[in-house]
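Q: Just so you know, we're using this note's numbering here: the sequence shown kicks off at 8 and counts up by one.
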Amino acid sequence: MEKLTVTLGIDIGGTNTDFAFVDISGSCRHKTSVKTLSDTPVEHFVARIHETVDSLLNTADRQYALNGIGIGAANGNAFTGCIENAPNLGWKNAPIVALFQDAFGLPVHLNNDANAAALGEMLFGAARGMKSFILVTLGTGLGCGIVVHGQLLTGNKGHAGEMGHVTVEPNGRPCNCGKTGCLETYASATGIVRTAAQLLSESREDSALRRLPPQGLTGRTIADAAQSGDRIATRAFDLTGAVLGRSLADAVAYLDPEAIVISGGLASAGSVLFDPVREAFEENVCAVHKGNVNILPSGLHPGDAAIVGAAASIWKQK
Ligand SMILES: [Zn+2]
């Protein structure tokens with residue numbers, strides 16, 4: 008049987024590292040996970056992945072030809088090939104590209120997770136065929152990847168597109184980056200939890216959110232309550248969507264994209280998020296863009312999106 012060409016896509020997270028063989032259609036095969044264990048040397052981590060991949064290649068029911076390795080990680084820098092001071096990892100400036108190249112002898116690309124997600128959407132998801140779009144991912148924080156003329160916008164040192172840290176409230180909430188009032192302190196899973204907690208403390212209105220166990224307030228539980236018509240949860244989404252929609256209108260003034268794709272855990276809330284985002288966006292965007300920029304959900308399977316995105320930079324070269 009002819010060998011099937013695949014890319015090894017690796018999503019490095021704080022607790023687990025997920026990987027799979029990604030084929031030319033963006034489908035994941037033999038998806039596997041190992042503990043990241045970033046309190047142990049990064050060389051051990053690479054060796055464990057190498058071992059697991061070798062055994063997969065030897066036991067799989069068909070033969071694969073690896074054409075490269077694509078890696079996505081928070082704080083992954085495509086220019087240096089290092090994961091730089093990631094808050095969720097014990098390694099400091101881990102030379103991940105060099106280590107994987109040495110181990111596998113294949114081309115290796117590293118991107119930060121949001122840029123990887125943008126490439127994934129462009130090759131296999133909601134932005135397929137587009138030349139310019141903005142990807143925003145709403146997880147613990149707000150990640151952003153910008154594609155212009157079919158290329159990721161990297162900036163001078165690989166740090167372009169840090170939209171999570173534009174200021175939306177000059178004296179607003181403290182952010183992990185050291186500033187105050189950054190967009191991601193409002194528009195992210197963590198941000199909406201802060202908003203909902205504030206709304207609950209400011210009123211006595213009944214809400215399903217008041218009956219949650221301690222630590223039970225999460226993006227997911229607020230989304231569930233909003234979808235059931237809970238007024239405080241809905242208000243939390245309205246406020247979150249308004250802040251995000253206004254910032255997206257600003258971004259469109261700079262970039263004139265074809266579309267904006269919103270992915271990540273909070274985006275799975277669907278219309279309770281997308282409706283207020285679209286409303287605030289249309290209210291605030293320049294007249295020339297009104298009605299012209301689609302705001303779309305991710306077109307990738309949520310469980311595979313990070314791996315597929317990581318692999319996309321290798322497939323993009325082909
Ligand atoms: Zn910030």
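By construction, the Cβ of each residue, glycine as well, lies at the ideal position given by its N, Cα and C atoms.
In this text the structure is predicted, and so the values were computed from the model without any measurement.
Among the candidates Val259, Glu265, Gly316, Pro304, whose CA atom is the shortest distance from the CA of Glu290?
A: Nearest of Val259, Glu265, Gly316, Pro304 to Glu290, Cα basis: Val259.
Q: Identify the continuous alpha helix (DSSP H) that holds Arg227 and give its terminal residues.
A: Taken as a continuous stretch (DSSP letters only), the alpha helix (DSSP H) holding Arg227 covers 226-234.
Q: If you reduce the DSSP assignment to three classes, tell me which class Ser32 lands in.
A: If DSSP states are grouped into helix, strand and coil, Ser32 belongs with coil.
Q: Suppose the cutoff is 6 Å on Cβ atoms and the five residues either side in sequence are ignored; what does the same chain contact list for Ser45 look like?
A: The answer, listed in chain order, is Leu96, Gly97, Trp98.
Q: Can you tell me which residues fall inside 5 Å of ligand 1, judged by beta-carbon distance to its nearest heavy atom, and keep chain order?
A: Listed by chain position, these are His172, Cys182, Cys184, Lys186, Cys189.
Q: Measuring straight from C-alpha to C-alpha, what distance separates Phe86 and Gly165?
A: About 6 Å.
Q: Look at the alpha carbon of Phe131 and the alpha carbon of Gly77, and state the distance between them as a whole number of angstroms.
A: Straight-line Cα distance between these residues: approximately 15 Å.
Q: Report back the beta-carbon spacing between Gly79 and Ala317 to the nearest angstrom; my notes put them in contact at under 8 Å.
A: Contact holds; Cβ gap of about 4 Å.
Q: Please name the residue in Thr202, Ala134, Val49 whose C-alpha comes closest to that of Ala110.
A: Closest by alpha carbon: Val49.
Q: In its own chain, which residues sit with a C-beta less than 7 Å from the C-beta of Val279, not counting the 5 before and 5 after it?
A: So the list reads Ala230, Ala233, Gln234, Thr241, Phe244, once near-sequence residues are dropped.
Q: Using 10 angstroms around the beta-carbon of Ala54, count the other beta-carbons present and answer buried if the total reaches 16, otherwise exposed.
A: Burial call: exposed.
Q: Since Leu15 and Leu73 are thought to touch, with beta carbons under 8 Å apart, how far apart are those beta carbons, to the nearest angstrom?
A: Contact flag correct, Cβ pair sits at about 6 Å.
Q: Hey, is the region 115-124 in contact with the region 59-67, meaning 3+ C-beta pairs nearer than 8 Å?
A: Contact fails: fewer than three Cβ-Cβ distances are below 8 Å.
Q: Mark Gly171 as exposed unless 16 or more other C-beta atoms lie within 10 angstroms of its C-beta, in which case mark it buried.
A: Answer is buried; the Cβ neighbour count reaches 16.
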